[in-house]
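> Just add 4 to the spot in the sequence shown (first one is 1) and you have my numbering.
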Amino acid sequence: MALQRPKGTQDHLPDGSPKLSRDVQASAFAYVQDTARRVLERAGAQFIATPLFEEAELVRRGVGGSTDIVRKEMFTVYYFGDHGGYVLRPEGTAGIVRAYLQNGLKQLPAPLKLWTHGPMFRAENVQKGRLRQFHQVDYEALGSADPLVDAEAIWLMWEVVRELGLTGVRVKLGSIGDPADREAYNAYLRDCFTPHAARLSDDSRDRLTRNPMRILDSKSAGDQALIGELQVKPMLDFLGEAARAHFAAVQAYLRAWNVPFDIDPAIVRGLDYYRRTAWELHHQGVGAKSALGGGGRYDGLSTQLGGPEVPGIGWAFGIERLLLALEAEGVTFPEASGPLLFLAALDEEHVARAAGLALEGRRVARVEFAYRALKPANAFKEAERRRARYAGLLGSEEAARGVLTIKHLASGEQQEVPLAALNTFLAERAL
Ligand code: HAM
Numbered sequence: 005m006a007l008q009r010p011k012g013t014q015d016h017l018p019d020g021s022p023k024l025s026r027d028v029q030a031s032a033f034a035y036v037q038d039t040a041r042r043v044l045e046r047a048g049a050q051f052i053a054t055p056l057f058e059e060a061e062l063v064r065r066g067v068g069g070s071t072d073i074v075r076k077e078m079f080t081v082y083y084f085g086d087h088g089g090y091v092l093r094p095e096g097t098a099g100i101v102r103a104y105l106q107n108g109l110k111q112l113p114a115p116l117k118l119w120t121h122g123p124m125f126r127a128e129n130v131q132k133g134r135l136r137q138f139h140q141v142d143y144e145a146l147g148s149a150d151p152l153v154d155a156e157a158i159w160l161m162w163e164v165v166r167e168l169g170l171t172g173v174r175v176k177l178g179s180i181g182d183p184a185d186r187e188a189y190n191a192y193l194r195d196c197f198t199p200h201a202a203r204l205s206d207d208s209r210d211r212l213t214r215n216p217m218r219i220l221d222s223k224s225a226g227d228q229a230l231i232g233e234l235q236v237k238p239m240l241d242f243l244g245e246a247a248r249a250h251f252a253a254v255q256a257y258l259r260a261w262n263v264p265f266d267i268d269p270a271i272v273r274g275l276d277y278y279r280r281t282a283w284e285l286h287h288q289g290v291g292a293k294s295a296l297g298g299g300g301r302y303d304g305l306s307t308q309l310g311g312p313e314v315p316g317i318g319w320a321f322g323i324e325r326l327l328l329a330l331e332a333e334g335v336t337f338p339e340a341s342g343p344l345l346f347l348a349a350l351d352e353e354h355v356a357r358a359a360g361l362a363l364e365g366r367r368v369a370r371v372e373f374a375y376r377a378l379k380p381a382n383a384f385k386e387a388e389r390r391r392a393r394y395a396g397l398l399g400s401e402e403a404a405r406g407v408l409t410i411k412h413l414a415s416g417e418q419q420e421v422p423l424a425a426l427n428t429f430l431a432e433r434a435l
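Next up, the structure:
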């Protein structure tokens with residue numbers, strides 16, 4: 005058998021590929037990316053790109069040493085003579101905040117809105133919508149602690165969903181408070197769970213000392229049963245006054261703009277840098293435990309990375325999960341279209357001339373040409389296979405009169421276009 009791609013990765017394939025069920029249609033992927041770009045650029049977000057690998061220490065400090073991502077899912081990068089100080093990035097935020105600090109972006113007007121897209125890497129158990137190389141669209145707003153910036157970030161996510169044409173999406177909004185609130189909550193959780201530690205899964209027993217809040221996010225049915233039995237209070241009950249006021253302000257903005265949301269009093273995100281506002285977007289087509297995207301405020305991250313205080317908030321969509329949701333809803337999107345013109349010579353003598361006309365035509369439109377002479381019927385067939393709008397023919401008769409025969413494939417209408425007027429013909433139809 006020929007070599008296969010690694011588990012948990014996907015190929016991005018052209019339209020019409022026979023194996024589409026298991027992989028990604030590149031034009032669908034581009035539709036999601038372009039839609040997000042349009043929405044984000046209208047909001048004043050600028051593009052940023054950071055390396056695909058970073059110092060392991062950045063991810064450890066940024067994402068958090070007690071998270072599953074750092075403890076179990078890191079792809080370490082080795083090269084000759086090296087001991088593995090780098091990892092493939094599991095997410096975009098830590099790298100973007102590092103770039104912000106390292107490049108003095110603090111001097112730019114705040115909030116500085118940045119966005120990126122690209123592959124992220126987590127060595128997870130592979131299942132539907134859970135890959136080892138997946139792709140995110142990521143938005144970050146740095147330099148402001150104003151709840152209006154939080155609400156704008158959530159609105160932007162909602163707007164991407166709306167522009168994509170998805171209807172079955174729910175926003176789950178919560179707050180994980182300020183660090184002191186979280187400490188109080190973790191102390192409460194320790195008190196709750198310690199007497200029952202023997203019943204917890206190994207992972208959760210470990211979390212009891214490191215980060216008890218993560219027990220609430222456990223995938224073990226036994227842990228979840230215990231949580232229910234103990235009637236564990238949610239994080240929201242432990243919010244301090246400042247976090248509570250911030251949370252109320254975010255909600256008021258969202259209500260004013262008619263962004264629907266449900267309060268999730270027990271939201272736990274899989275990354276440690278969050279404080280205050282945290283949220284996730286869910287969709288039935290992707291599965292109950294899997295979010296389409298999520299985000300939150302991370303005011304402490306920059307100091308965690310050794311920089312000055314820089315408040316920040318952001319989110320990321322999983323592009324593959326958005327594709328699953330689009331598929332589940334049957335949302336159609338424009339496939340990559342074919343060329344405006346497919347040009348063929350009718351004899352070998354005119355192949356170079358026809359190709360030359362096609363190359364010139366590419367200055368105004370998408371034009372393809374036949375690499376060998378074709379009979380008219382075959383030229384039309386080829387043009388149709390490529391989903392061209394027009395087929396053009398150049399034979400000795402046309403050449404003698406300085407024209408091209410051009411057929412509109414949908415209607416069958418045929419006309420002659422002077423060679424000198426070809427680019428005008430194309431330009432008029434290119435839009
Ligand atoms: P996250 O919740 O870890 O947040 O990931 C965001 C989204 O990426 C998820 O909701 C999901 O759609 C997608 N995703 C995550 N892991 C996988 C996977 N293994 N396979 C497929 N899709 C996946 C973050 O990454 C934060 N950096 C978001 C953020 C930005 N917070 C503030 N700024």
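Note that the Cβ used here is the ideal one computed from N, Cα and C, for glycine as well.
Since the structure is predicted, the reported quantities are computational estimates derived from the model, not experimental observations.
With H, G and I counted as helix, E and B as strand and the rest as coil, what does DSSP make of Ala332?
Three-state result, Ala332: helix.
> Does the Cβ of Ala295 lie closer than 6 Å to at least one heavy atom of the ligand HAM?
Yes, the Cβ of Ala295 comes within 6 Å of a heavy atom of the ligand HAM.
> In the DSSP assignment, find the alpha helix (DSSP H) that holds Gly232 and state where it starts and stops.
Unbroken alpha helix (DSSP H) run through Gly232: 225-233.
> Which of helix, strand or coil does DSSP assign to Ile3?
The structure shown does not extend to residue 3, since the chain is modelled only from 5 to 435, so the question has no answer here.
> When the Cβ atoms of the stretch 270-285 are set against those of the stretch 196-210, are three or more pairs found closer than 8 Å?
Flag = no, the stretch 270-285 and the stretch 196-210 do not touch.
> Measuring only the C-alpha atoms, how far is Leu345 from Leu118?
The alpha-carbon atoms of Leu345 and Leu118 are separated by roughly 39 Å.
> On the DSSP letters alone, give me the boundaries of the beta strand (DSSP E) that Lys117 sits inside.
That run of the beta strand (DSSP E) goes 116-125.
> Output needed for Leu230: all residues of its chain with C-beta closer than 8 Å, excluding positions within five of it in sequence on either side, in chain order.
Within the same chain, Leu230 has close Cβ partners Phe197, His200, Arg203, Leu204.
> Roughly how many whole angstroms lie between the Cα atoms of Ala184 and Val43?
Computed Cα separation, rounded: 36 Å.
> By the three-class DSSP mapping on this structure, what secondary structure does Pro216 have?
Pro216 falls in the helix class under three-state DSSP.
> Kindly confirm or deny that the stretch 158-171 and the stretch 103-115 touch, where touching means at least three C-beta pairs closer than 8 Å.
Touching, no, given that fewer than three Cβ pairs across the two stretches are closer than 8 Å.
> I need the straight-line Cα distance from Arg393 to Lys132, nearest angstrom please.
Looking at the two C-alpha atoms, the distance is approximately 38 Å.
> Would you say Gly322 reaches chain C, if we count a Cβ-Cβ gap shorter than 7 Å as a contact?
No chain C appears in this structure, which consists of one protein chain only.
> I want to check one thing, is the minimum distance from the CB of Trp319 to the heavy atoms of the ligand HAM below 6 Å?
It does: the Cβ of Trp319 is within 6 Å (strictly closer) of some heavy atom of the ligand HAM.
> I'd like to confirm something about Arg325: is its beta-carbon nearer than 6 Å to some heavy atom of the ligand FMN, or not?
This structure does not include the ligand FMN; its bound ligands are the ligand HAM.
> Please name the residue in Tyr82, Ala53, Gly172, Gln8 whose C-alpha comes closest to that of Gly334.
The candidate whose alpha carbon is nearest that of Gly334 is Gly172.
> Buried or exposed: where does Ser179 fall if 16 or more other Cβ atoms within 10 Å of its Cβ makes it buried?
So Ser179 ends up on the buried side.
> Nearest to Val367 by CA position, among Gln14, Ala434, Leu397, is which residue?
It is Arg, not Val, that sits at residue 367 in the sequence shown. The residue with the shortest Cα to Cα distance from Arg367 is Ala434.
> Per DSSP, what kind of secondary structure is Lys411 in: helix, strand or coil?
In this structure, Lys411 counts as strand in the three-state DSSP scheme.
> Going by CA-CA distance only, name the one from Leu347, Arg325, Glu128 that's closest to Arg136.
Of the listed residues, the one whose Cα sits closest to Arg136 is Glu128.
> Terminal residues of the continuous alpha helix (DSSP H) containing Val421?
Not the alpha helix (DSSP H): Val421 falls in the beta strand (DSSP E), residues 418-422.
> Report buried or exposed for Leu234, applying the criterion of at least 16 other Cβ atoms within 10 angstroms of its Cβ.
The residue is exposed, with fewer than 16 neighbouring Cβ atoms inside 10 Å.
> Closer than 6 Å: is that where the CB of Gly322 sits relative to any heavy atom of the ligand HAM?
Indeed, a heavy atom of the ligand HAM lies less than 6 Å from the Cβ.
> DSSP beta-bridge partners for Arg396?
The sequence shown places Gly at residue 396, not Arg. Paired residue(s): Leu347, Ile410.
> Just the Cα atoms here: how many angstroms apart are Gly66 and Leu430?
Cα to Cα, the separation comes out at about 52 Å.
> Tell me whether the beta-carbon of Leu296 lies closer than 7 Å to the beta-carbon of Ala329.
In this structure, Ala329 lies closer than 7 Å to Leu296 by Cβ.
> Below 8 Å, can you find three or more Cβ-Cβ pairs linking the stretch 302-320 to the stretch 346-360?
With the cut-off at 8 Å, the stretch 302-320 and the stretch 346-360 do not touch.
> Quick one: what does DSSP say Ile323 is sitting in, helix, strand or coil?
In the structure shown, Ile323 sits in a helix (DSSP, three-state: H, G or I).
> Are the Cβ atoms of Phe125 and Gly322 separated by less than 7 Å?
Cβ atoms of Phe125 and Gly322: not closer than 7 Å.
> Distance check for Glu352 and Gly318, CA to CA, integer angstroms please.
Cα to Cα, Gly318 sits roughly 59 Å from Glu352.
> Just tell me which of Pro216, Glu245, Val153, Phe79 has its CA closest to the CA of Gly181.
For the residues Pro216, Glu245, Val153, Phe79, the minimum Cα distance to Gly181 belongs to Glu245.
> With H, G and I counted as helix, E and B as strand and the rest as coil, what does DSSP make of Glu162?
The sequence given here has Trp at residue 162, not Glu. Three-state DSSP puts Trp162 in a helix.
> Would you report the Cα separation of Ile410 and Phe337, rounded to the nearest angstrom?
Taking the straight line joining both Cα atoms gives about 29 Å.
> Please identify the residue among Leu160, Gln228, Arg134, Glu324 whose C-alpha is closest to the C-alpha of Gly12.
Looking at the Cα atoms, Arg134 is the closest of the given residues.
> Spatial neighbours of His250 within its chain, please: C-beta separation below 6 Å, excluding the five flanking residues on both sides.
Counting only Cβ-Cβ distances below 6 Å, and skipping sequence neighbours, we find Pro151, Arg280.
> Which stretch, first to last residue, makes up the beta strand (DSSP E) that contains Lys176?
Residues 173-179.
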